[in-house]
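This report concerns only the one structure given below.
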Amino acid sequence: MSGNNINGIIEKYRGQPGSLIHALVEIQHENHWLPRDVMHQVADALQVPFAQVMQIASFYKAFSLTPKGRHEVHVCSGMTCHLRGAAKLQAKVEEVTGIKDGETDADNRFTLATGACLGSCSIGPELIVDGKHYGRMTPEKVEAVLKQYE
Amino acid sequence: MSEIALKIDDKDIKVPAGTTVLEAAQQAGIYIPTLCHHEKLEAFGGCRLCIVEVESRGWTSYVVSCLYPVAKDIIVRTRSEKVDKIRKVIVEELMSHAPDAPELVKLAEVYGADRNRFERKESFCVVCGLCVRYCDEVKHLNAVGFIENGAERQISFIPEVAKNVCWECQECFALCPTSYAQAAYLLAEALAFPGHRKVAAARAAQKPNKSRVIPIAAVPAGN
Amino acid sequence: MPKLQSAAELEKYRAGILAKRDPAKPCIAVCAGAACDGMDSATVAAAFVAEAAKLGDKIEIRTTGCHGYCEKGPNVVVTPGDICYFEVQPADVAEIIAATLKGEVVERLVYKDPNTGAKAVHMNEVPFYKHQTRLLIGDNPNIDPMKIDDYLAVGGYAALVKALTTMTPDQVLDEVKKANLRGRGGGGFPAGSKWETTKNAPEKTKYVIVNGHEGESAAFMDRAMLTGNPHKILEGLIIGAYAIGAQKGFMYTRHDMPRLEKHVRNALAQAAEYGFLGKNILGSGFDFECELHFDVGIFVSGESSALMRSIEGHAPEPRPKYIRTSVSGIWDKPSNLNNVETWANVPQIISKGAEWYTSIGSERSKGTKLISLSGNVVNSGVVEVPMGTPLRTLVFDIGGGVRDGKTLKAIHFGGAMGGSIPADLIDAPLDFDGMSKLGAPIGAGGLLLMNEDTDMVEIARYLLDFLVKESCGKCAPCREGMPQMLHILTNMTQGKGKPGDLERLQDLAEVTGAASLCALGKTSPDPLKSMLRYFKPEYEARIPASSGDK
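From first to last, the protein sequence lines stand for chains D, U and E.
Under the numbering used here, the letters of the first sequence match residues 10 to 159, in that order.
Under the numbering used here, the letters of the second sequence match residues 63 to 285, in that order.
Under the numbering used here, the letters of the third sequence match residues 13 to 562, in that order.
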């Protein structure tokens with residue numbers, strides 16, 4: 010956790026309640042999760058009630074209130090991917106990682122999040138790890154793909 | 063301010079522009095059921111029970127009267143086959159969470175709602191938001207807020223704030239249609255700041271008048 | 013780059029760009045759209061750049077936005093000649109360059125008809141492209157989105173000049189009204205009327221907004237436009253702001269596409285640098301600035317009033333439409349929101365006029381429409397056709413029919429808030445009102461093909477599952493009604509259907525549709541309604557025969 014960077018983000022938005030979401034996005038990006046005491050600092054600096062910070066942080070699934078894994082794994086669940094077999098792909102990913110949608114494994118290696126349609130439907134069904142797209146996936150290829158990520 | 067003429071349930075009404083249909087109806091003594099509405103709070107439009115039928119320039123629409131502003135020559139019907147059906151189904155949906163809430167039981171009688179129609183999920187909260195909004199708009203304390211989205215939406219007392227302000231206040235407990243707010247506070251207290259009540263009670267003793275816990279509303283007998 | 017301070021300076025600068033460009037010089041355009049990027053077109057582009065560097069300045073390599081033929085990426089187009097190469101790999105690069113220098117074609121990489129084997133080399137011969145009318149997306153292969161000069165070279169910002177220097181705001185508004193431009197985000201509402209409401213609102217501070225959220229499942233054309241040609245949308249926005257009297261604009265888009273973010277940020281910066289944004293634009297006296305905002309990953313924040321709450325920093329809770337956001341929107345100021353594709357239509361309406369625009373399309377749906385073609389289709393991608401085009405053209409002539417030798421069962425429009433129609437309605441024209449009447453409103457334009465193996469009960473279940481997660485939770489009919497419908501449909505797909513389920517579904521669908529606060533809840537039962545209209549036997553089969561329904 011780079012405390013300095015988080016402080017920098019908070020200072021940038023001090024006194025700007027309208028920038029709550031911007032601030033939280035940057036902190037999430039920097040820190041990979043939103044610790045409660047950091048959320049309090051944001052509430053104080055941006056002059057919004059803590060309850061509002063809590064609502065925003067729990068409303069949007071892009072934010073994490075617990076530490077996320079080193080690698081984010083998404084199985085696109087958009088309509089085309091669904092028609093092209095995303096459910097089977099999802100089941101295999103859950104089997105290989107040992108976790109379900111929204112969970113992080115005990116070693117903090119993977120966090121699994123089902124992603125809504127990412128707009129690359131022509132290469133569905135897709136597995137996205139740390140932003141990298143693995144298109145036209147089959148359950149058979151899952152283990153080899155995930156093995157690359159420690 | 064200009065006056066607007068409209069009809070509610072065949073009654074001719076005249077009210078200032080900016081009045082909502084609900085306000086206009088109440089002023090004329092016409093009853094429209096509400097759940098999430100409170101005169102001290104901004105209209106919310108969440109429960110949708112105050113929905114009414116509005117006919118305007120040949121179009122019929124269904125709008126929530128707590129928010130819909132009166133307009134010239136509209137014809138409002140507070141009861142109709144469709145309006146009644148909407149209210150019935152909403153009551154049935156809310157009763158899947160709080161089947162014994164007195165207000166819901168009363169509405170169920172009027173609209174023929176079946177408390178067992180839909181799958182039960184006994185959270186006891188109907189997410190009307192009265193507690194959250196009261197604490198925000200009237201008390202400016204924000205000790206309780208909403209968290210999560212969609213069907214997961216729920217109220218949550220913030221322990222860091224609640225421990226300092228709730229025991230002296232307790233005003234949202236009386237607003238809650240299901241008594242869940244009080245239960246949620248007590249649970250938060252037990253888990254996050256047990257024993258704090260002595261401290262709060264001592265503080266309150268110095269400022270007379272307010273400490274009381276509302277008894278949980280009795281379940282109506284024989285229904 | 014000093015700011016351009018007049019129309020004359022812009023035209024002089026534009027002429028300068030064109031003078032330096034030799035139309036005979038070969039240019040290789042490598043698509044970096046979402047699907048091609050996912051197929052690692054970046055490595056292909058890098059290989060081209062490396063090879064071309066060895067030749068001095070003989071060949072230009074350009075990375076572009078989405079060409080449209082996503083199924084067959086990585087896509088490469090060589091000009092002059094618009095030669096189309098498909099599924100290009102780094103190993104093909106040397107051969108393509110050598111052939112291009114000689115004015116020849118690499119036969120093995122051109123389009124081949126899957127049935128006849130007939131080849132098509134040039135874009136206007138390839139069936140996928142041939143049947144389209146690419147007024148909006150046609151420029152994509154010619155523009156590097158990071159270079160504003162590329163946009164100027166194809167005539168960009170000429171419409172803005174015309175509007176600012178030869179037309180009054182009222183005249184611009186009139187033209188858009190006469191063109192009958194209807195919203196492309198799903199509402200189909202006349203843009204000109206919306207603009208007028210905002211313009212006439214008494215508040216002086218006004219805002220304009222680009223809704224680039226594109227949350228509709230299987231719709232990817234807005235991202236293709238915004239990533240591939242951000243200036244076209246920006247130009248439309250500035251023209252609209254001028255007509256409406258707005259001083260500030262917001263571009264609202266997704267947080268999960270780094271390339272999109274890069275291109276839009278860069279476009280805004282370059283536009284400001286050149287003087288298309290800021291004070292006294294091109295000496296016209298009109299001031300306008302634009303900010304970029306991101307969603308945080310939830311569908312409901314694509315709903316216009318929820319989006320505005322999100323820009324304000326609140327949770328995206330939609331407001332009931334009795335207070336129109338065009339009168340009271342962001343921070344209670346009049347705010348005009350339109351979809352990416354709607355804004356993209358504006359420059360051509362101003363340049364070529366409303367009369368020209370209304371000559372394209374059907375009686376009440378004018379212009380072209382971008383369609384994201386996907387599902388069980390052979391040729392998936394972003395296509396553009398005039399309104400009124402029969403669905404058959406989209407599905408068979410452009411789409412190439414159903415993949416894997418299966419037959420067509422249904423066509424779905426509008427994602428989770430649309431509907432499915434059976435294959436026998438395939439001659440219906442693409443039209444806002446017509447498709448609405450059939451129960452499959454166009455929505456944002458995501459068209460999915462479903463083959464004979466598709467379970468229509470499961471599809472309704474899947475769509476509700478998506479929406480349940482995306483609901484904000486404020487109003488009871490949506491928050492309660494959708495999960496209850498989902499529960500019943502899930503039971504039905506698992507063989508646990510009960511007597512009375514269809515009646516319960518119908519009541520829930522009716523009430524959720526009538527009483528929900530916003531479009532998400534209101535349209536959530538629509539796919540189910542279309543299923544019950546056209547595919548009811550599949551549903552009835554899941555309910556055990558009973559005596560005495562509830």
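All C-beta atoms, glycine included, are put in the ideal place defined by N, C-alpha and C.
For clarity, every value in this text was computed on a predicted model and none was experimentally measured.
- Message: Just checking: is the beta-carbon of D:Gly24 within a distance shorter than 9 Å of some beta-carbon in chain E?
- Response: Mapped onto the first sequence, residue 24 of chain D falls at position 15. By this cut-off, D:Gly24 is not an interface position.
- Task: Look at the alpha carbon of U:Val153 and the alpha carbon of E:Lys486, and state the distance between them as a whole number of angstroms.
- Result: The count along the second sequence starts at 1 and reaches residue 153 of chain U at position 91. The count along the third sequence starts at 1 and reaches residue 486 of chain E at position 474. It is roughly 16 Å from the alpha-carbon of U:Val153 to the alpha-carbon of E:Lys486.
- Task: Using a cut-off of 7 Å between C-beta atoms, extract the partners of E:Gly325 located in chain D.
- Result: Numbered from 1 along the third sequence, position 313 holds the residue referred to as residue 325 of chain E. Close to E:Gly325, with beta-carbon spacing below 7 Å, are these residues of chain D in chain order: Pro26, Gly27, Ser28, Leu29, Ile30.
- From E:Leu529, E:Ile555, E:Glu550, E:Gly325, pick the residue whose C-alpha is nearest to that of E:Lys510; which is it? Translated into the one-based positions of the third sequence, residue 510 of chain E becomes position 498. Ranking the options by Cα distance to E:Lys510, first place goes to E:Ile555.
- Message: Classify D:Asp225: buried if its beta carbon has 16 or more other beta carbons within 10 angstroms, exposed otherwise.
- Response: No answer is possible for residue 225 of chain D: the residues shown for chain D start at 10 and end at 159.
- Query: D:Met48 by DSSP, collapsed to three states: which one?
  - Reply: Numbered from 1 along the first sequence, position 39 holds the residue referred to as residue 48 of chain D. Annotated three-state conformation of D:Met48 is helix, per DSSP.
- Query: Can you list, in chain order, the residues of the stretch 104-119 of chain U whose Cβ is nearer than 7 Å to any Cβ on chain D?
  - Reply: Within the stretch 104-119 of chain U, no residue qualifies.
- Query: Assuming E:Gln17 contacts E:Leu294 under a Cβ cut-off of 8 Å, what Cβ separation, rounded to an integer in Å, is found between them?
  - Reply: On the third sequence, position 5 is the one that residue 17 of chain E refers to. On the third sequence, position 282 is the one that residue 294 of chain E refers to. Indeed they touch by this definition, with Cβ atoms about 7 Å apart.
- Item | Where U:Gln89 falls, given that 16 or more other Cβ within 10 Å makes a residue buried | For the purposes of this step, residue 89 of chain U is taken as residue 27 along the second sequence, with counting starting at 1. It counts as exposed.
- Message: Going by DSSP in three states, E:Trp368 sits in which element: helix, strand or coil?
- Response: As a working note, residue 368 of chain E is residue 356 in the third sequence. E:Trp368 falls in the helix class under three-state DSSP.
- Taking Cβ positions only, does E:Pro495 come closer than 9 Å to chain U? Numbered from 1 along the third sequence, position 483 holds the residue referred to as residue 495 of chain E. Chain U contact via Cβ: present.
- Query: How would you write the range of the alpha helix (DSSP H) that D:Ile15 sits in, first residue to last?
  - Reply: Position 6 of the first sequence holds residue 15 of chain D. Under the DSSP assignment, D:Ile15 falls in the alpha helix (DSSP H) whose first and last residues are 12-21.
- Message: Counting only beta-carbon separations shorter than 9 Å, does D:Met10 have a partner in chain U?
- Response: Numbered from 1 along the first sequence, position 1 holds the residue referred to as residue 10 of chain D. Residue placement at D:Met10 cannot be trusted, given a pLDDT of 46 that sits under 50; the coordinates are not used to answer.
- Query: Interface residues of chain U around D:Met63 at Cβ under 8 Å?
  - Reply: Along the first sequence, one-based indexing puts residue 63 of chain D at 54. Simply Gly207, Ile209, Ser218, Ile220.
- Task: Give, in chain order, every unbroken run of the alpha helix (DSSP H) that is at least 4 residues long and sits entirely within the stretch 173-261 of chain E.
- Result: Within the stretch 173-261 of chain E, the complete alpha helix (DSSP H) segments at least 4 residues long are 181-191, 203-212, 233-240, 242-256, listed from N- to C-terminus.
- Item | Per-residue contacts from D:Gly1 into chain E (C-beta, under 8 Å) | Since the first and last residues shown for chain D are 10 and 159, residue 1 of chain D lies out of range.
- Message: I'd like to know whether the C-beta of U:Asn285 is nearer than 9 Å to at least one C-beta of chain E.
- Response: For the purposes of this step, residue 285 of chain U is taken as residue 223 along the second sequence, with counting starting at 1. Confidence in U:Asn285 is poor, its pLDDT being 40 and thus under 50, which makes the residue's placement unreliable; the coordinate value appears in the next sentence. No - not a single Cβ of chain E is within 9 Å of the one on U:Asn285.
- Task: Using the Cα positions of D:Val47 and E:Ile323, report the straight-line distance between them to the nearest angstrom.
- Result: The residue labelled residue 47 of chain D in the question sits at position 38 within the first sequence. The residue labelled residue 323 of chain E in the question sits at position 311 within the third sequence. Straight through space, the alpha carbons of E:Ile323 and D:Val47 are spaced by roughly 22 Å.
- Item | Extent of the continuous alpha helix (DSSP H) run through E:Asn350 | For the purposes of this step, residue 350 of chain E is identified with residue 338 of the third sequence, where counting begins at 1. Counting along the chain, E:Asn350 falls outside any alpha helix (DSSP H), though it belongs to the beta strand (DSSP E) covering 347-351.
- Sufficient close CB pairs (3 or more, under 8 Å) joining the stretch 511-525 of chain E to the stretch 484-503 of chain E: Taking a contact to require three or more Cβ pairs closer than 8 Å, the stretch 511-525 of chain E and the stretch 484-503 of chain E qualify as touching.
- Task: Can you pull the chain E residues whose beta carbon is under 7 Å from the beta carbon of D:Gly87, in chain order?
- Result: As a working note, residue 87 of chain D is residue 78 in the first sequence. Result: Ser229, Ala230.
- Task: Check whether the Cβ of E:Lys449 lies closer than 9 Å to any Cβ atom in chain U.
- Result: By one-based count along the third sequence, residue 449 of chain E stands at place 437. Not an interface residue.
- Local conformation of D:Ile108 per DSSP, three classes: Indexing the first sequence from 1 puts residue 108 of chain D at position 99. Correct three-state label for D:Ile108: coil.
- Message: Whole angstroms are fine: how far does the CA of D:Gln50 sit from the CA of E:Gly384?
- Response: To locate residue 384 of chain E, count along the third sequence from 1; it is residue 372. To locate residue 50 of chain D, count along the first sequence from 1; it is residue 41. The sequence shown places Ser at residue 384 of chain E, rather than the Gly named in the question. One Cα belongs to E:Ser384, the other to D:Gln50, and the distance between them is close to 44 Å.
- Item | Within chain E, partners of U:Arg50 - CB distance below 9 Å | Residue 50 of chain U lies beyond the stretch modelled for chain U, which goes from 63 to 285, so this question has no answer here.
- Message: Considering just the uninterrupted stretch of the alpha helix (DSSP H) at U:Glu230, what are its terminal residues?
- Response: If you number the second sequence from 1, residue 230 of chain U lands on position 168. Looking at the DSSP string, the run of the alpha helix (DSSP H) that includes U:Glu230 is 221-231.
- Nearest residue (CA-CA) to U:Ile92, options U:Phe106, U:Pro78, U:Val114, U:Glu101: Reading the second sequence from its first residue, position 30 is the one you call residue 92 of chain U. Measuring from the Cα of U:Ile92, the nearest candidate turns out to be U:Val114.
- Message: Against chain E, with Cβ distances strictly below 9 Å, would D:Leu127 count as a contact?
- Response: Along the first sequence, one-based indexing puts residue 127 of chain D at 118. Chain E has a Cβ within less than 9 Å of the Cβ of D:Leu127.
- Message: Using beta carbons (cut-off 9 Å, strictly below), is D:Pro134 in contact with chain U?
- Response: Within the first sequence, the letter at position 125 stands for residue 134 of chain D. Answer no: the Cβ-Cβ gap between D:Pro134 and chain U never drops below 9 Å.
- Run through the stretch 477-535 of chain E for me and flag every whole alpha helix (DSSP H) of 4 or more residues, listed as ranges in chain order. Here the runs fully enclosed are 488-505, 513-527, 531-535.
- Is E:Pro398 buried or exposed, if buried means 16 or more other CB atoms sit within 10 Å of its CB? Taking the first residue of the third sequence as position 1, residue 398 of chain E is located at position 386. When all chains shown are included, E:Pro398 counts as buried.
- List, in order along the chain, the chain U residues whose C-beta lies closer than 8 Å to that of D:Pro58? By one-based count along the first sequence, residue 58 of chain D stands at place 49. Counting only Cβ-Cβ distances below 8 Å, D:Pro58 has contacts in chain U at Asp198, Asn204, Gly207, in chain order.
- Task: Report the rounded CA-to-CA distance for E:Leu319 versus E:Ser371, giving the unit in angstroms.
- Result: For the purposes of this step, residue 319 of chain E is taken as the residue at position 307 of the third sequence. For the purposes of this step, residue 371 of chain E is taken as the residue at position 359 of the third sequence. Their Cα atoms are separated by approximately 34 Å.
- Task: Express the C-alpha separation of E:Lys211 and E:Val184 in angstroms, rounding to a whole number.
- Result: Translated into positions along the third sequence, residue 184 of chain E becomes position 172. Translated into positions along the third sequence, residue 211 of chain E becomes position 199. Approximately 12 Å between the Cα atoms of the pair.
- Between the CA atoms of E:Cys78 and E:Ile471 - distance to the nearest angstrom: The residue labelled residue 471 of chain E in the question sits at position 459 within the third sequence. The residue labelled residue 78 of chain E in the question sits at position 66 within the third sequence. Going by C-alpha positions, E:Ile471 is about 29 Å away from E:Cys78.
- Message: At a CB distance below 8 Å, what residues from the stretch 220-249 of chain U approach chain D? Give them in sequence order.
- Response: When C-beta distances to chain D are compared with 8 Å, the residues of the stretch 220-249 of chain U below that value are Ile220, Glu222, Val223, in chain order.
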